[in-house]
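Quick note on numbering: the sequence shown equals residues 13 to 251 in my numbering.
For reference, the structure discussed in these notes is given below.
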Amino acid sequence: MELEFRRVVFFGRSAAECLEMYGLAPAQWLGASVLDCPGGPGSLAAVLGEAGLDVTAVDPWYGASPDCLDRQARGDIALAMEQIAAADHLAAGFDLKAYRTEKHRALEAFLADYGRRPQRYVQAALPVLPFADASFDLVLSGHLLFSYAPLDVGGLMPTGGFDFAWHRRAIAELMRVCRREVRIYPAHTLQGLARRHPYAEALLAELPAGWAGRFQPSRYVQGHIGSTEGLHLERLTPA
(Lines of atoms letter the chains of each structure in order from A and count residues from 1; the text may use other names and numbers.)
(Lines give C-alpha, C1' and ligand atoms only; values in the text may rest on other atoms or scores of the structure.)
Protein backbone atom coordinates (compact mmCIF):
# COMPACT_ATOMS: atom_id res chain seq x y z
CA MET A 1 0.00 0.00 0.00
CA GLU A 2 1.22 3.50 -0.82
CA LEU A 3 1.24 6.33 1.71
CA GLU A 4 -1.63 8.67 0.85
CA PHE A 5 -3.20 11.73 2.46
CA ARG A 6 -5.98 13.83 0.97
CA ARG A 7 -4.98 16.89 2.98
CA VAL A 8 -1.99 18.21 4.89
CA VAL A 9 -2.09 16.56 8.30
CA PHE A 10 -1.35 18.38 11.57
CA PHE A 11 1.51 16.13 12.54
CA GLY A 12 4.67 17.19 14.36
CA ARG A 13 8.12 15.88 15.19
CA SER A 14 10.17 16.12 18.33
CA ALA A 15 13.06 18.56 18.49
CA ALA A 16 15.48 15.62 18.55
CA GLU A 17 14.01 14.29 15.30
CA CYS A 18 14.16 17.74 13.69
CA LEU A 19 17.80 18.27 14.64
CA GLU A 20 18.60 15.00 12.86
CA MET A 21 16.42 15.91 9.88
CA TYR A 22 18.13 19.23 9.33
CA GLY A 23 21.63 18.32 10.55
CA LEU A 24 21.22 21.21 12.96
CA ALA A 25 23.48 22.03 15.93
CA PRO A 26 21.73 24.73 18.00
CA ALA A 27 25.01 25.84 19.60
CA GLN A 28 26.16 27.05 16.19
CA TRP A 29 23.12 29.34 15.91
CA LEU A 30 22.97 30.92 19.38
CA GLY A 31 21.28 34.30 19.19
CA ALA A 32 20.07 33.67 15.66
CA SER A 33 16.51 34.25 14.50
CA VAL A 34 14.87 31.06 13.24
CA LEU A 35 11.65 30.36 11.34
CA ASP A 36 10.01 26.93 11.59
CA CYS A 37 7.60 26.70 8.63
CA PRO A 38 5.37 24.83 9.14
CA GLY A 39 5.82 24.19 12.85
CA GLY A 40 2.83 21.90 13.31
CA PRO A 41 2.38 20.32 16.75
CA GLY A 42 6.13 19.74 17.10
CA SER A 43 8.51 20.66 19.90
CA LEU A 44 11.33 22.23 17.84
CA ALA A 45 10.37 25.86 18.48
CA ALA A 46 10.04 25.26 22.22
CA VAL A 47 13.41 23.53 22.52
CA LEU A 48 15.31 25.98 20.32
CA GLY A 49 13.82 28.86 22.28
CA GLU A 50 15.03 27.32 25.53
CA ALA A 51 18.48 26.93 23.94
CA GLY A 52 18.78 30.67 23.33
CA LEU A 53 17.53 31.07 19.77
CA ASP A 54 14.88 33.59 18.72
CA VAL A 55 12.27 31.29 17.20
CA THR A 56 9.05 31.91 15.30
CA ALA A 57 6.85 29.05 14.10
CA VAL A 58 4.07 29.33 11.54
CA ASP A 59 1.21 27.02 10.68
CA PRO A 60 -2.31 27.51 9.31
CA TRP A 61 -3.67 25.79 12.44
CA TYR A 62 -2.12 28.26 14.87
CA GLY A 63 -4.59 30.65 16.45
CA ALA A 64 -6.95 27.82 17.36
CA SER A 65 -7.44 26.90 21.02
CA PRO A 66 -5.06 24.41 22.66
CA ASP A 67 -7.93 21.93 23.04
CA CYS A 68 -8.73 22.18 19.33
CA LEU A 69 -5.10 21.68 18.36
CA ASP A 70 -4.79 18.73 20.73
CA ARG A 71 -7.81 16.99 19.20
CA GLN A 72 -6.67 17.64 15.64
CA ALA A 73 -3.12 16.49 16.27
CA ARG A 74 -4.14 13.29 18.07
CA GLY A 75 -6.53 12.41 15.28
CA ASP A 76 -3.90 13.05 12.62
CA ILE A 77 -1.26 11.07 14.52
CA ALA A 78 -3.65 8.10 14.57
CA LEU A 79 -4.37 8.53 10.85
CA ALA A 80 -0.68 8.70 10.00
CA MET A 81 0.15 5.62 12.07
CA GLU A 82 -2.49 3.61 10.21
CA GLN A 83 -0.98 4.67 6.89
CA ILE A 84 2.61 3.97 7.92
CA ALA A 85 1.77 0.57 9.40
CA ALA A 86 0.19 -0.51 6.11
CA ALA A 87 2.85 1.00 3.84
CA ASP A 88 5.04 -0.97 1.48
CA HIS A 89 8.82 -0.49 1.56
CA LEU A 90 9.02 0.16 5.31
CA ALA A 91 12.55 -0.41 6.56
CA ALA A 92 13.09 -3.62 8.50
CA GLY A 93 13.30 -2.99 12.21
CA PHE A 94 11.52 0.36 12.11
CA ASP A 95 9.92 0.81 15.56
CA LEU A 96 6.46 2.19 14.86
CA LYS A 97 5.46 2.14 18.54
CA ALA A 98 8.44 4.28 19.54
CA TYR A 99 7.76 6.57 16.57
CA ARG A 100 4.16 7.08 17.76
CA THR A 101 5.28 7.75 21.33
CA GLU A 102 7.72 10.39 20.10
CA LYS A 103 4.90 12.20 18.30
CA HIS A 104 2.74 12.36 21.42
CA ARG A 105 5.65 13.65 23.49
CA ALA A 106 6.31 16.32 20.88
CA LEU A 107 2.64 17.31 20.96
CA GLU A 108 2.65 17.68 24.75
CA ALA A 109 5.76 19.88 24.66
CA PHE A 110 4.24 21.97 21.87
CA LEU A 111 0.96 22.51 23.72
CA ALA A 112 2.78 23.60 26.88
CA ASP A 113 4.85 26.16 24.97
CA TYR A 114 1.89 27.29 22.86
CA GLY A 115 0.06 28.12 26.08
CA ARG A 116 3.02 29.92 27.66
CA ARG A 117 4.34 31.78 24.62
CA PRO A 118 1.52 32.28 22.10
CA GLN A 119 3.41 35.15 20.44
CA ARG A 120 5.94 32.59 19.15
CA TYR A 121 3.25 30.86 17.04
CA VAL A 122 1.92 32.73 14.00
CA GLN A 123 -1.02 31.67 11.85
CA ALA A 124 0.30 31.65 8.28
CA ALA A 125 0.98 29.32 5.38
CA LEU A 126 3.16 29.05 2.33
CA PRO A 127 3.47 30.37 -0.31
CA VAL A 128 2.75 33.76 1.36
CA LEU A 129 4.36 34.62 4.72
CA PRO A 130 3.66 37.80 6.76
CA PHE A 131 7.30 38.75 7.28
CA ALA A 132 9.64 41.35 5.82
CA ASP A 133 12.50 40.41 3.53
CA ALA A 134 15.49 38.80 5.29
CA SER A 135 13.69 38.51 8.63
CA PHE A 136 15.37 35.28 9.76
CA ASP A 137 18.92 33.97 9.86
CA LEU A 138 17.79 30.36 9.45
CA VAL A 139 14.59 29.09 7.82
CA LEU A 140 13.52 25.48 8.37
CA SER A 141 10.75 23.71 6.48
CA GLY A 142 9.89 20.10 7.19
CA HIS A 143 7.44 17.62 5.70
CA LEU A 144 5.51 19.99 3.46
CA LEU A 145 7.46 20.76 0.30
CA PHE A 146 7.91 17.65 -1.85
CA SER A 147 5.98 15.57 0.72
CA TYR A 148 2.57 16.87 -0.38
CA ALA A 149 3.31 16.84 -4.08
CA PRO A 150 1.05 14.70 -6.28
CA LEU A 151 1.30 10.94 -5.87
CA ASP A 152 2.56 10.43 -9.42
CA VAL A 153 5.76 12.35 -8.66
CA GLY A 154 6.42 10.63 -5.36
CA GLY A 155 4.32 12.76 -3.02
CA LEU A 156 1.46 11.87 -0.69
CA MET A 157 -1.56 13.38 -2.47
CA PRO A 158 -3.62 11.06 -4.71
CA THR A 159 -5.62 14.02 -6.04
CA GLY A 160 -4.57 17.63 -6.17
CA GLY A 161 -1.43 18.20 -4.19
CA PHE A 162 1.08 21.01 -4.43
CA ASP A 163 2.29 21.18 -8.02
CA PHE A 164 5.63 22.41 -9.33
CA ALA A 165 4.42 26.00 -9.69
CA TRP A 166 3.39 26.03 -6.01
CA HIS A 167 6.79 24.65 -5.01
CA ARG A 168 8.55 27.35 -7.01
CA ARG A 169 6.56 30.06 -5.21
CA ALA A 170 7.08 28.43 -1.81
CA ILE A 171 10.86 28.12 -2.22
CA ALA A 172 11.06 31.73 -3.40
CA GLU A 173 9.14 32.83 -0.31
CA LEU A 174 11.37 30.86 2.06
CA MET A 175 14.41 32.47 0.45
CA ARG A 176 12.84 35.93 0.56
CA VAL A 177 12.46 35.91 4.35
CA CYS A 178 15.90 34.35 4.91
CA ARG A 179 19.20 36.14 5.60
CA ARG A 180 21.55 33.16 5.65
CA GLU A 181 20.31 29.60 5.15
CA VAL A 182 17.21 27.58 4.26
CA ARG A 183 17.00 23.90 5.18
CA ILE A 184 14.21 21.70 3.81
CA TYR A 185 13.46 18.08 4.64
CA PRO A 186 12.68 15.71 3.03
CA ALA A 187 13.89 16.35 -0.50
CA HIS A 188 13.14 12.76 -1.51
CA THR A 189 10.11 10.86 -2.73
CA LEU A 190 7.83 9.09 -0.25
CA GLN A 191 6.60 6.27 -2.47
CA GLY A 192 8.54 3.04 -2.92
CA LEU A 193 12.31 3.27 -2.85
CA ALA A 194 13.19 6.84 -1.82
CA ARG A 195 15.02 8.92 -4.42
CA ARG A 196 15.69 12.60 -4.94
CA HIS A 197 12.41 14.33 -5.63
CA PRO A 198 12.19 15.57 -9.23
CA TYR A 199 10.82 18.93 -8.08
CA ALA A 200 13.79 19.37 -5.73
CA GLU A 201 16.27 18.63 -8.52
CA ALA A 202 14.56 21.09 -10.86
CA LEU A 203 14.35 23.85 -8.25
CA LEU A 204 17.99 23.41 -7.28
CA ALA A 205 18.95 23.80 -10.94
CA GLU A 206 17.14 27.14 -11.21
CA LEU A 207 18.30 28.88 -8.02
CA PRO A 208 18.67 32.63 -8.54
CA ALA A 209 22.00 34.42 -8.53
CA GLY A 210 23.39 34.91 -5.04
CA TRP A 211 22.25 31.51 -3.80
CA ALA A 212 23.90 28.08 -3.67
CA GLY A 213 22.28 24.78 -2.83
CA ARG A 214 23.01 21.12 -2.28
CA PHE A 215 21.39 17.87 -1.29
CA GLN A 216 22.36 16.92 2.25
CA PRO A 217 22.24 13.36 3.66
CA SER A 218 20.15 13.10 6.82
CA ARG A 219 20.51 10.91 9.90
CA TYR A 220 16.76 11.01 10.51
CA VAL A 221 15.06 7.60 10.54
CA GLN A 222 11.44 7.53 9.39
CA GLY A 223 11.31 4.04 7.93
CA HIS A 224 12.06 4.93 4.30
CA ILE A 225 14.49 2.85 2.25
CA GLY A 226 16.77 4.55 -0.25
CA SER A 227 18.19 8.04 -0.63
CA THR A 228 16.84 10.14 2.26
CA GLU A 229 18.25 13.62 1.83
CA GLY A 230 17.34 17.18 2.64
CA LEU A 231 17.87 20.31 0.58
CA HIS A 232 20.10 23.08 1.97
CA LEU A 233 20.16 26.55 0.37
CA GLU A 234 22.66 29.25 1.33
CA ARG A 235 22.57 32.96 0.59
CA LEU A 236 25.98 33.97 -0.79
CA THR A 237 25.48 37.74 -0.87
CA PRO A 238 24.44 39.86 2.14
CA ALA A 239 20.71 40.47 2.42
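Virtual Cβ for every residue (Gly too), placed ideally from N, Cα, C.
>> By the three-class DSSP mapping on this structure, what secondary structure does E213 have?
In response: By one-based count along the sequence shown, residue 213 stands at place 201. DSSP, reduced to helix, strand and coil, places E213 within a helical segment of the structure shown.
> What does a CB cutoff of less than 8 Å around Q135 pick up in its chain, not counting 5 residues either side in sequence?
Replying inline: On the sequence shown, residue 135 is found 123 positions in, with the first residue counted as 1. Excluding its 5 nearest sequence neighbours in each direction, Q135 has C-beta neighbours in its own chain below 8 Å: V70, D71, P72, W73, Y74, G75, listed in chain order.
> Does the distance from the C-beta atom of G222 to that of L216 stay below 8 Å?
Replying inline: On the sequence shown, position 210 is the one that residue 222 refers to. On the sequence shown, position 204 is the one that residue 216 refers to. At the C-beta level, G222 and L216 stay beyond 8 Å of one another.
> What separation, rounded to the nearest whole angstrom, lies between the Cα atoms of D48 and G105?
Replying inline: Within the sequence shown, numbered from 1, the residue matching residue 48 stands at position 36. Within the sequence shown, numbered from 1, the residue matching residue 105 stands at position 93. In a straight line, the C-alpha of D48 is about 30 Å away from that of G105.
> For V67, which residues of its own chain have a beta-carbon under 7 Å away from its beta-carbon, when the five flanking residues on both sides are left out?
Replying inline: The residue you call residue 67 lines up with position 55 of the sequence shown. For V67, the CB contacts under 7 Å within the same chain, skipping 5 residues up- and downstream, are V46, D48, A57, L60, G61, R132 in chain order.
>> Give me the DSSP bridge partner(s) of I196.
In response: Taking the sequence shown and counting its residues from 1, one reaches residue 196 at position 184. S153, L243.
> Bridge partners of R226, per DSSP?
Replying inline: Counted from its first residue, the sequence shown places residue 226 at position 214. For R226, DSSP records a beta bridge to H244.
> Name the DSSP beta bridge partners of L254, please?
Replying inline: Past the edges of the chain, shown from 13 to 251, lies residue 254, and the structure says nothing about it.
> Using DSSP with H/G/I as helix, E/B as strand and the rest coil, what is R19?
Replying inline: Along the sequence shown, read from residue 1 onward, the residue named residue 19 stands at position 7. Three-state DSSP puts R19 in coil, outside helix and strand.
> Nearest to Q84 by CA position, among A137, R128, R19, A182, is which residue?
Replying inline: Residue 84 sits at position 72 when you count from the first residue of the sequence shown. Looking from the CA of Q84, the closest CA among A137, R128, R19, A182 belongs to R19.
> Thinking C-alpha only, which one of L108, E246, E16, A161 is nearest Y211?
Replying inline: The residue you call residue 211 lines up with position 199 of the sequence shown. For Y211, the nearest C-alpha among the options comes from A161.
>> Using C-beta distances below 7 Å, list every residue in its chain close to S239, excluding the 5 sequence neighbours before and after it, in chain order.
In response: For the purposes of this step, residue 239 is identified with residue 227 of the sequence shown, where counting begins at 1. Take S239, set aside five residues on each side of it, and the residues of its chain with a beta-carbon closer than 7 Å to its own are H200, A206, R207, R208, in chain order.
> Opposite T68 in the DSSP bridges: which residues?
Replying inline: Counted from its first residue, the sequence shown places residue 68 at position 56. Bridge partners of T68: L47.
> Once you ignore the five residues that flank R112 on each side, which residues in its own chain have a CB closer than 8 Å to its CB?
Replying inline: Start at 1 with the first residue of the sequence shown, and residue 112 comes out as number 100. The beta carbon of R112 is closer than 8 Å to those of I89, M93 in its chain, skipping five residues each way along the sequence.
>> When you compare the CB positions of G54 and C80, do they come within less than 8 Å of one another, or not?
In response: Start at 1 with the first residue of the sequence shown, and residue 54 comes out as number 42. Start at 1 with the first residue of the sequence shown, and residue 80 comes out as number 68. Result no, Cβ atoms of G54 and C80 do not sit closer than 8 Å.
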